[in-house]
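S.K.: Would you mind keeping the following structure in view while I ask a few things?
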Amino acid sequence: MKDKQSQLPRKLWTWLPAMAIIFAVIFILLQLQKPIAADEFWYFDSAKSLLQTGKPLLQFCSNSVPVLFEGHPPTYIYYLSIFFALLPEQLIRFSGIPVFLALIFLTYLVSLKVFSEKRKAIFVTALYAINPLAIQGALLLDIDNTILAIAITFFVLILLHIQEQKNFRTRIVLASACFALILWAKTTVIFIISVGLVAYAVLFDRKKIKENFVMALGGIILFCASWAVFCAISGIEFLSVFGYIASTFASKSTLSVSDKIVTILYSGLKQNILWITIPLSIFFFLGAKNTKNKNLKLFALVSIIAFIQYLLSIPSGYRFPKYMAAFLPMIIIVAGDEIIKIDFEKAKKLIPIILFPGAVFFALLRDPLVHVKTFADAVFVAIINTLAAMPALFVKRKKEVLLLLYIGTCIYINIFQLTTDSSTLYNYSERGLVDTAQYLKAMLPADSNIYTSGKEIAYYSGTNKYCFKTQNFTEEIEKNCVKMIVLKRYWEEKNNPELEEITKSNFSFQKEFGDYSIYSTNACK
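Residue numbers (this note's numbering): -13 to 511.
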């Protein structure tokens, strides 16, 4: 049977990946100035400190003692510090572009190894390059969407290559070393990768049970040994990275049953499936179900284990689905196994359908990834996104339509995220940060104290008082002569209602910008 891929013009395979990459890089470059927020300052401050002091120090409050960055190995901080040495800090998001290009290249190499045909590998890689999670992930200052994604994808590539290596010891050494590299990027994936390897062998290839178990154990031992040496040299507590793993699983223990359901819907729908897009998620589950390729079965199993772990342990930070970004190359390759079976000659006749998801989102939702706060929100957003994929239910060429809907959804989301005045990274959908900072900068002298639950306001306004949490708040504001307090509506209502109550009792409301409310007092002289 003639390969359906060959029905596409040969020139398409020349410019398709180039166009997808250029499209993505332009969208990234146009968003480099987006404000840094929330946990991004962990890496931002630590990388700057590494250059200045030789140690990755982190300061949670302006009046607290700086501490060593712990919780994750500092590999990403060392990477980020290179760009602080080369670029103005205002352009530090540029550090994501080399990572993004490296991920595209690795995705291509893995796809080529799996599909054994350049054109198929090129097409699947292009689908990765335009995914909104890949593009916004390249902008976020964080581990999961950068060096962790590279380490995992490289590990997958090595696994594919060592299948041809007959020497058992060589296979174990190479795989264990690469697994250790993953753990050096971030130790919280220790469960996902090790259980995924062993579970795959038990379910699909029993001959590899011993090999996969030994390579997982070898990677853990190699990481622990090298980490112990690093800790002895740097003064970091050895158990710090393992304590963080335990805390992620305890994060939902205090929630009620209804809150757990909403959180799971929030994490599972908005923070994963809707970002990856519903059409691509459908292709993934079809690919996982139908594939006879053992490598793709491993990719699918590991991705599903990752999804379940993050679903049941901790929601992605600050409403951005960074955790699944590390597994996005594998997800798209599994989906690609179904996509490359499509008859493109017939699909191109349906190209107008590409406009449908954008029309639905614009008319009913504007932002298809809008923040989900309640069960009703989760259901509403899911319905809108499902409506955007509805044409696939009413035509014979369902897969062809789904592919076009995926492309149309990606284009719409990317354009929306480029043009919106709300955050598309941490604190997703938040508005008012820049306006609030500019207002404070114009109102207050540089040595004035403000209080805010996030460092971003203090950083962009040029004032010097900030703290994420504080005790004895009334004494604190009197002692430090705090003249203004900035509250984020959704954050304080959920995480610090006492702070909000004290603020309203002691300060006067002055101004509101988006999600930020400013309170002031004349009591402090």
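Yeah, the Cβ is synthetic: ideal placement off N, Cα and C, and Gly gets one too.
Counting pairs of beta carbons, one from the stretch 200 to 209 and one from the stretch 154 to 163, are three or more of them closer than 8 Å?
M.R.: Touching, per the Cβ criterion.
S.K.: Just the C-alpha distance for W170 and I129, rounded to the nearest angstrom, thanks.
M.R.: Near 11 Å, if we compare the C-alpha coordinates of I129 and W170.
S.K.: Just how far apart, CA to CA, sit G500 and R305?
M.R.: Between G500 and R305, the C-alpha separation is close to 17 Å.
S.K.: Taking only three categories from DSSP, how would you classify S494?
M.R.: Residue state, collapsed to three classes: strand.
S.K.: Assign F80 to one of three DSSP states: helix, strand, or coil.
M.R.: Helix.
S.K.: Would you call the stretch 6 to 13 and the stretch 21 to 30 touching, i.e. three or more CB-CB distances under 8 Å?
M.R.: They do not touch, by the three-pair rule.
S.K.: Excluding the five sequence neighbours on either side, which residues of its own chain have a C-beta within less than 6 Å of the C-beta of Q76, listed in chain order?
M.R.: Excluding positions up to five away in sequence, the list is empty.
S.K.: Grab me the residues of S116's own chain with a C-beta within less than 8 Å of its C-beta, minus the 5 sequence neighbours each way, in chain order.
M.R.: Here residue 116 turns out to be Ile, not Ser, going by the sequence shown. A6, F9, A10, I393, C396, I397, N400.
S.K.: Could you please give the first and the last residue of the uninterrupted alpha helix (DSSP H) stretch that includes N276?
M.R.: Unbroken alpha helix (DSSP H) run through N276: 264 to 276.
S.K.: What does a CB cutoff of less than 6 Å around D421 pick up in its chain, not counting 5 residues either side in sequence?
M.R.: Excluding sequence neighbours, D421 sits near F499.
S.K.: What's the call for G40, buried or exposed, on a 16-neighbour Cβ count within 10 Å?
M.R.: G40 should be labelled exposed.
S.K.: Smallest Cα separation from L43: which of L37, L314, L54?
M.R.: Per the Cα distances, L54.
S.K.: Look up K385 in the DSSP assignment and say whether it is helix, strand or coil.
M.R.: Three-state result, K385: helix.
S.K.: Looking only at its chain, what residues have a beta carbon closer than 6 Å to the beta carbon of N131, apart from the 5 residues adjacent to it on each side?
M.R.: Same-chain partners within the cutoff: G123, K308, A311.
S.K.: Excluding sequence positions up to five away, which residues of its chain have a Cβ less than 6 Å from the Cβ of I317?
M.R.: Cβ neighbours of I317 beyond the five flanking positions: F270, S289.
S.K.: Determine the direct distance from the alpha carbon of F109 to that of D259, and round the result to whole angstroms.
M.R.: Note that residue 259 is Ile in the sequence shown here, rather than Asp. Their Cα atoms are separated by approximately 21 Å.
S.K.: Buried or exposed: S(-8), going by 16 or more other Cβ atoms within 10 Å of its Cβ?
M.R.: Its pLDDT being 44, under 50, S(-8) is placed unreliably in this model, and the coordinates cannot settle the point.
S.K.: Report, in whole angstroms, the separation of the C-beta atoms of V96 and I319, which I expect to be a contact under 8 Å.
M.R.: Indeed they touch by this definition, with Cβ atoms about 6 Å apart.
S.K.: DSSP has V53 in a bridge; who is on the other side?
M.R.: Answer is L44, bridged to V53.
S.K.: In this structure, how does DSSP classify Y502 when only helix, strand and coil are distinguished?
M.R.: If DSSP states are grouped into helix, strand and coil, Y502 belongs with the strands.
S.K.: Quick check: what's the CA-CA separation for F493 versus E486?
M.R.: Rounded to whole angstroms, F493 to E486 spans 10 Å at the Cα level.
S.K.: I need the DSSP call for Y64, collapsed to helix, strand or coil.
M.R.: Y64: helix per DSSP, three-state reduction.
S.K.: Using DSSP bridges, identify the partner residues of I436.
M.R.: DSSP lists M470 as partners of I436.
S.K.: List the endpoints of the continuous alpha helix (DSSP H) containing M316.
M.R.: Its alpha helix (DSSP H) spans residues 314 to 325.
S.K.: Does the stretch 169 to 187 come close enough to the stretch 332 to 347 that 3 or more CB-CB pairs lie under 8 Å?
M.R.: Verdict: no, contact absent.
S.K.: Report yes if the C-beta distance between C217 and F224 is below 7 Å; otherwise report no.
M.R.: Against a cut-off of 7 Å, the Cβ pair of F224 and C217 comes out as a contact.
S.K.: Return the first residue and the last residue of the alpha helix (DSSP H) that R155 is part of.
M.R.: Per DSSP, R155 belongs to the alpha helix (DSSP H) from 154 to 171.
S.K.: For my contact list, Y551 and K474 are in at a C-beta cut-off of 8 Å; report their separation, rounded to the angstrom.
M.R.: Lying before the first or after the last residue shown, residue 551 is absent from the chain, which here runs from -13 to 511.
S.K.: Can you give the beta carbon distance from V188 to I291, rounded, assuming they're within the 8 Å contact cut?
M.R.: So it is not a contact: roughly 13 Å between Cβ atoms.
S.K.: Quick one: is W28 buried, meaning 16 or more other Cβ sit within 10 Å of its Cβ, or exposed?
M.R.: Under this definition W28 is a buried residue.
S.K.: Does the Cβ of M(-13) have 16 or more other Cβ atoms within 10 Å, making it buried, or fewer, making it exposed?
M.R.: Because the pLDDT of M(-13) is 40, which lies under 50, any placement of that residue in the model is unreliable, and the number read from its coordinates should be weighed accordingly. Under this definition M(-13) is an exposed residue.
S.K.: Give me the Cα-Cα distance between T263 and S212, rounded to the nearest whole angstrom.
M.R.: Near 39 Å, if we compare the C-alpha coordinates of S212 and T263.
S.K.: Report the rounded CA-to-CA distance for K497 versus G205, giving the unit in angstroms.
M.R.: Whole-angstrom Cα-Cα distance: 54 Å.
S.K.: Assign N153 to one of two classes, buried (16 or more other C-beta atoms within 10 Å of its C-beta) or exposed (fewer than that).
M.R.: Counting Cβ neighbours within 10 Å, N153 comes out exposed, since fewer than 16 surround it.
S.K.: What did DSSP end up calling G418 once you bin it into helix, strand or coil?
M.R.: Coil at G418, not helix or strand.
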